[in-house]
């Protein structure tokens, strides 16, 4: 697996997360293997996204209060083409189920566009 892009605040944490091997991110690996999206609000497992290049848990370093991790699948039964992960940090309202459903629909469109 290859991490293609990481967007976020212009700081060292983003650089360290971008350098992380995606295979070291348990939640992303689970989404890629199982093909199911995940919505976590106030994640209890600080290691759910693994450690960044500095050795710190990604969720702690980024001050994540909720996250969405969605596989990119063009159609049911087709292979996963990637995983899209979105973080919300402290001070922001947690992701809702409606946002998770919207991202699930968007992920299918993204996967279709990737195949073209």
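Numbering (my numbering), first residue to last: 4 to 119.
Each residue gets a CB set at the ideal place from its N, CA and C atoms; glycine is no exception.
Relative to the C-alpha of residue i, which residue among the options is closest?
i           : options         : result
residue 119 : 15, 33, 77      : 77
residue 107 : 94, 87, 21      : 87
residue 139 : 50, 69, 71, 70  : Since the displayed the chain opens at 4 and closes at 119, residue 139 lies outside it and no answer follows.
residue 99  : 56, 69, 109, 27 : 69
residue 79  : 96, 114, 23     : 114
residue 95  : 44, 111, 116    : 44
Tell me whether residue i sits in a helix, a strand or coil according to DSSP, three-state version.
i           : result
residue 61  : helix
residue 88  : strand
residue 69  : strand
residue 115 : helix
residue 75  : strand
residue 97  : coil
Please list, in chain order, all residues of the same chain as residue i whose beta carbon is under 6 Å from its beta carbon, the five residues on each side excluded.
i          : result
residue 83 : 35, 38, 74, 76
Excluding the 5 residues flanking residue i on each side, which residues of the same chain have their C-beta closer than 8 Å to its C-beta?
i          : result
residue 5  : 25
residue 65 : 11, 16, 20, 90, 92
Rounded C-beta distance between residue i and residue j? I'm assuming under 8 Å.
i          : j          : result
residue 46 : residue 32 : Between residue 32 and residue 46 the Cβ distance is about 16 Å, and since that is not below 8 Å, they are no contact.
residue 42 : residue 71 : 6 Å
residue 56 : residue 23 : 6 Å
(message) What ranges does the beta strand (DSSP E) occupy inside the stretch 27–60, keeping only unbroken runs of at least 3 residues that lie completely in it?
(response) 41–44
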